[in-house]
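With the numbering used here applied, the sequence shown has no gaps in its numbers, which climb one by one up to 75 at the end. Read the structure below first, then the notes.
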Amino acid sequence: MHYIKIGNGDTVSVSNDASATDWKIADNRAKRNSLLADSDSMVLQDRLPEAKVNEWKEYRKKLRDMDFSDLEKIVFPTKPE
């Protein structure tokens, strides 16, 4: 088993006999996990106005809902400012 970790995100595992596609999916999932970890503090209610917190929550939902089944169509959501 191999493991991929990007930034502060959770580790993603890849089997020893993984295909190139499996590696690409794992890499994208690791990137997504890092973006989620980087945005954790942005959803604290006392950090930002409620409207901004809601923007960050929507961004995080889009990250969690990403579809990795078609590598040609993977689009990461835009991070709020």
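Note that CB positions come from ideal geometry on N, CA and C, so glycine has one too.
Check	Outcome
Selection from T15, A45 and E44 that minimises the alpha carbon distance to E66	T15
contact_flag[the stretch 22 to 31, the stretch 40 to 57] where n(CB pairs < 8 Å) is 3 or more	yes
heavy atom of the ligand NAP below 7 Å from K73 C-beta	In the structure on display, the ligand NAP does not appear, and there are no ligands present to speak of.
Bridge partners - Y53, DSSP secondary structure assignment	In the DSSP output, where bridge partners are listed per residue, Y53 has none listed.
Rounded separation between D61 and E52 - CA only	16 Å
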